[in-house]
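Undergrad: This is the structure, below, for whatever I ask next.
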Amino acid sequence: MSIIKEFKEFAIEGDAVDVAVGIVIGAAFGKIVTSLVNDVMMPPIGLVLGGVDFKNLKVVLKAASLNAPAVTLNYGQFINTAIDFLIVAFAVFLVVKGINSLKKANKVKS
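Have a look at this one:
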């Protein structure tokens with residue numbers, strides 16, 4: 837079978853569409869989680885920890901000069917990103933767990 841024929845079958849049978857829909861939904865879900873972490877979760881956590889704004893937590897490695905911006909280690913942004921990842925990973929875990937439960941239930945009925 838030629839590569840062009842295989843690709844046509846792949847694209848027409850819906851696999852490519854399913855992958856594209858998954859990517860678009862995943863990107864939108866990522867934006868929602870980022871907003872949840874940055875706008876809903878981190879402000880109260882920062883308030884409890886003494887008014888800390890995680891976005892601005894950084895270590896200046898080299899101060900700014902006339903021609904170059906400061907070189908910083910932005911560990912606060914890393915904390916936000918790590919929390920984003922944990923939420924997305926947990927959500928994916930729950931979805932996979934739910935799908936596996938449905939598959940088991942269908943096997944029992946069959």
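Under the working numbering, read the sequence shown as residues 837 to 946, first letter to last. Glycine included, every Cβ here is placed at the ideal spot set by N, Cα and C. Predicted model, so just to flag it, every value in this text is computed and none were measured.
(1) Nearest-angstrom Cα distance between residue 944 and residue 938?
(2) If you reduce the DSSP assignment to three classes, tell me which class residue 895 lands in.
(3) Check whether the Cβ atoms of residue 894 and residue 910 lie closer than 8 Å to each other.
(4) Could you please give me the residues that DSSP links to residue 909 through a beta bridge?
(5) What is the residue span of the alpha helix (DSSP H) that residue 882 lies within?
(6) Buried or exposed: which applies to residue 928, given that a residue is buried once 16 or more other Cβ atoms fall within 10 Å of its Cβ?
(7) Looking only at its chain, what residues have a beta carbon closer than 7 Å to the beta carbon of residue 888, apart from the 5 residues adjacent to it on each side?
(8) Cβ of residue 920 within 8 Å of Cβ of residue 876?
TA: Taking the definition as stated:
(1) 10 Å
(2) strand
(3) yes
(4) Per DSSP, the beta bridge partners of residue 909 are 895.
(5) 878-884
(6) exposed
(7) 882
(8) no
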